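Have a look at the structure below, then the notes.
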Amino acid sequence: MAKPSKEKRSQARFMARVIPGARPAAKPGFVAPCLPALVETAPSGEAWVHEIKFDGYRLQLHVDEGRPSLFTRNGYDWTRRFVRIAAAARRLPVNRAVIDGEVIVQDASGRSDFAALVRDLEDGRGDRFVFYAFDLLHLDGFDLAVAPLVERKRVLAALLAESGAGPIAYSQHLDVEGPEMFARAVAMGLEGIVSKRREAPYRSGRSRSWVKTKSVRREELVVVGYAARGGSFMSLHVGRRSGRHLVYAGQVGTGFSRATAAKLAARLRGMEIDAPTALAVPAVTANDRWVRPELAATVAYREVTDEGLLRHASFEGLVNAAASPAGAAGAGDRPAAGEEAQGAAERGGGRTAGMAPLLLIDGDSFAHRAYHGVPKSIRRADGGGGGAIVGFANYLIRLYEAEKPRAVMAAWDTLSEPNWRQRLFPPYQSGRVFDQDILDQLDLLPQLV
0 MAKPSKEKRS QARFMARVIP GARPAAKPGF VAPCLPALVE TAPSGEAWVH
50 EIKFDGYRLQ LHVDEGRPSL FTRNGYDWTR RFVRIAAAAR RLPVNRAVID
100 GEVIVQDASG RSDFAALVRD LEDGRGDRFV FYAFDLLHLD GFDLAVAPLV
150 ERKRVLAALL AESGAGPIAY SQHLDVEGPE MFARAVAMGL EGIVSKRREA
200 PYRSGRSRSW VKTKSVRREE LVVVGYAARG GSFMSLHVGR RSGRHLVYAG
250 QVGTGFSRAT AAKLAARLRG MEIDAPTALA VPAVTANDRW VRPELAATVA
300 YREVTDEGLL RHASFEGLVN AAASPAGAAG AGDRPAAGEE AQGAAERGGG
350 RTAGMAPLLL IDGDSFAHRA YHGVPKSIRR ADGGGGGAIV GFANYLIRLY
400 EAEKPRAVMA AWDTLSEPNW RQRLFPPYQS GRVFDQDILD QLDLLPQLV
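In this text, residue positions in the sequence shown follow numbering that gives the first Met the number 0: the first is 0, and each later residue adds one.
As structure tokens, then:
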């Protein structure tokens, strides 16, 4: 493959040198991404620029001496999943760079389609991926993270214009009023916008320098329970269909008139069962009641968290059709807690009910994953001693053969991301038997049993 011309490399290096705030520095490793805070109204004024909000996976592109790597927002290396983007990155006229962006799949109208992205990842299809680059943190020996946003983007735009890098595209911003930009996005059927302070440096973590405004989403969700205190209705518990299962999607606590709340409470009391039919239900309180999954509700909401739970959810009414997915487990035939496979949730989250340690299959940021609760019979075998280790190893072997995962992570049942006690097991290899190196990793087991 042809190397970038010296002229192009010199131009990129020159631009990096002269922008305000740039300073010589070694290229960093993975940089924790800047995350926008959610706001109800897009900001106005000359201090802000606005970009389209994509519905995809956040990625960080690194180039080291021409060799590209792609990392998820949690720092996992997903280069092999985005081979076409990595190939395009080799054509960038740089030696070392760190570029922030998002990978999407576009529908026929040009809108980002998260469901299509997930399907393509599952199917191993890579021809539709587009990486929209919206920030440049390092370029050929210069730290740009402390430079103003618009200056970083100016260099980024020039860099991508020079390369003709195919599936790597520049994310344009507009100097218009935030509410006007948001109205345009809503009219186009887009998810929303991200507004950024034009003079702000790049800051890792949740930041008020970046804010997102999202259009209201609506979805028909299954009613799996409700919360009541002192006889008074408080909220609905809802679930989302995932294949033959229901996955817990959170609570809906607003949008009820007094009359509606009273009617719902009376109806749901006659549908109560002992245990939830949804997977991944969080810790249960004394206020929670569970019902047969026979009703569906239209729910409006602003956001889905990384754990797959609704935020700012509001009730808009019941759907007439019965909500139980075909073949879903009902109250009388719900899988026992000791069964090995507890279902999958692509954008679900929370704790797998009745289980302690979890195995996260091919997961990242709780957005694309499958949970498997470790059976109690294994965890309690031989009082948590050698029998448990052998049982756990055999369980892993069966799991590997069934799932053929690219990654397996064992974790305690606290799903608050910073509190995870994690251990990554190796990817599946056909015909591989668990050798001593893998068994040595089972020193994690005493934390799990």
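By construction, the Cβ of each residue, glycine as well, lies at the ideal position given by its N, Cα and C atoms. In this text the structure is predicted, and so the values were computed from the model without any measurement.
From the options, pick the residue whose C-alpha is nearest to that of residue i; which is it?
| i | options | result |
| --- | --- | --- |
| THR304 | ILE192, TYR169, TYR75, ALA36 | ALA36 |
| LEU309 | LEU220, ALA227, LEU155 | LEU220 |
| GLY109 | ALA277, PHE70, GLU190, HIS49 | GLU190 |
| ALA46 | MET233, ALA277, ALA227, LEU173 | LEU173 |
| ALA88 | ASN73, SER68, ILE103, GLU101 | SER68 |
| PHE314 | ARG216, THR71, PHE130, ASP122 | ARG216 |
| VAL149 | ALA295, TYR201, CYS33 | TYR201 |
| VAL318 | THR297, ARG301, HIS311 | THR297 |
| ARG207 | PHE29, CYS33, GLY28, ARG16 | CYS33 |
| ILE167 | VAL129, ILE192, GLY316 | VAL129 |
| ALA264 | ALA274, TYR300, TYR225, THR284 | TYR225 |
| VAL17 | THR253, ALA258, GLY140, ASP106 | GLY140 |
| LEU278 | GLY307, PHE255, THR284, ARG266 | GLY307 |
| LEU245 | ALA295, PHE29, ALA227, ARG228 | ALA295 |
| HIS311 | GLU39, ALA261, ARG288, VAL104 | GLU39 |
| TYR56 | SER256, GLY44, GLU121, VAL102 | VAL102 |
| TYR454 | SER256, ARG243, ALA260, VAL237 | Given that the chain is displayed from residue 0 to residue 448, the structure contains no residue 454 and the question cannot be resolved. |
Identify the continuous alpha helix (DSSP H) that holds residue i and give its terminal residues.
| i | result |
| --- | --- |
| GLU477 | Outside the displayed range of the chain (0 to 448) lies residue 477, so it cannot be described from this structure. |
| THR259 | 257–268 |
| PHE130 | Run containing PHE130: none in the alpha helix (DSSP H); it sits in the beta strand (DSSP E), 128–138. |
| MET180 | 177–186 |
| LEU155 | 148–162 |
Give the range of the beta strand (DSSP E) segment to which residue i is assigned.
| i | result |
| --- | --- |
| ILE98 | 95–104 |
| ILE84 | Run containing ILE84: none in the beta strand (DSSP E); it sits in the alpha helix (DSSP H), 82–88. |
| SER203 | No beta strand (DSSP E) contains SER203, which DSSP labels as neither H nor E. |
| ALA282 | Looking at the DSSP string, ALA282 is not in any beta strand (DSSP E), and its letter there is neither H nor E. |
| VAL470 | Summary: the structure shown does not reach residue 470, with the chain confined to residues 0 through 448, and so no result is reported for it. |
| ALA274 | ALA274 -> no beta strand (DSSP E), and no H or E assigned at all. |
| LEU58 | 56–63 |
| TRP289 | 287–300 |
| PHE29 | Run containing PHE29: none; DSSP gives neither H nor E here. |
| LEU69 | 66–71 |
| GLY249 | 244–251 |
| GLU315 | 313–318 |
| SER241 | 231–241 |
| ARG110 | Element bounds for ARG110: n/a, residue is neither H nor E. |
| VAL193 | 191–196 |
| ALA24 | Careful: ALA24 lies outside any beta strand (DSSP E) and carries neither H nor E. |
| TYR169 | 167–169 |
Once you ignore the five residues that flank residue i on each side, which residues in its own chain have a CB closer than 7 Å to its CB?
| i | result |
| --- | --- |
| TYR169 | ALA132, LEU155, ALA156, LEU159 |
| PRO42 | GLY177, SER194, VAL210 |
| ALA31 | SER203, GLY204 |
| GLU218 | VAL298 |
| GLY254 | SER313, PHE314, GLU315 |
| ALA15 | ALA21, LEU138, ASP139, PHE141, LEU143, VAL154 |
| ARG66 | none |
Whole-angstrom Cβ separation of residue i and residue j, contact assumed at under 8 Å?
| i | j | result |
| --- | --- | --- |
| VAL145 | GLY20 | 5 Å |
| GLY26 | ASP63 | Inspection of the sequence shows that residue 26 is occupied by Lys rather than by Gly. Sure, about 7 Å apart at Cβ, within 8 Å. |
| GLY100 | LEU58 | 6 Å |
| SER231 | VAL251 | At roughly 16 Å, the Cβ-Cβ gap does not stay under 8 Å, so SER231 and VAL251 are not in contact. |
| VAL223 | PRO275 | 6 Å |
| ALA227 | ARG266 | Rounded, the Cβ-Cβ distance is 13 Å, inconsistent with contact. |
| ARG197 | VAL48 | 5 Å |
| THR78 | ALA85 | 5 Å |
Taking the beta carbon of residue i as the centre, do at least 16 other beta carbons fall within 10 Å, making it buried, or is it exposed?
| i | result |
| --- | --- |
| MET187 | exposed |
| PHE81 | buried |
| PRO23 | exposed |
| THR71 | buried |
| ARG239 | buried |
| GLU50 | buried |
| ALA184 | buried |
| THR212 | buried |
| ARG124 | exposed |
| PHE53 | buried |
| GLY249 | buried |
| ALA199 | buried |
| PHE13 | exposed |
| PRO374 | With a pLDDT of only 48 at PRO374, under the threshold of 50, the placement of this residue in the model should not be trusted, and no figure is reported. |
| ALA258 | exposed |
| GLY316 | exposed |
| ALA285 | exposed |
Given residue i, which residues of its chain have a CB within under 6 Å of its CB, disregarding the five upstream and five downstream residues?
| i | result |
| --- | --- |
| LEU135 | ILE98, LEU143, ARG151, VAL154, LEU155 |
| SER214 | VAL185, GLY191 |
| GLU121 | none |
At a cut-off of 7 Å, is residue i close to the ligand HEM when judged by its beta-carbon and the heavy atoms of the ligand?
| i | result |
| --- | --- |
| PHE13 | Although the ligand HEM was asked about, the structure shown includes no ligands whatsoever. |
In chain order, what residues of the same chain lie with their CB nearer than 8 Å to the CB of residue i, ignoring the 5 residues before and after it?
| i | result |
| --- | --- |
| ASP106 | ASP112, ALA115 |
| PHE29 | GLN59, HIS61, PHE70, GLY74 |
| ARG127 | VAL104, GLN105, ALA115, ASP119 |
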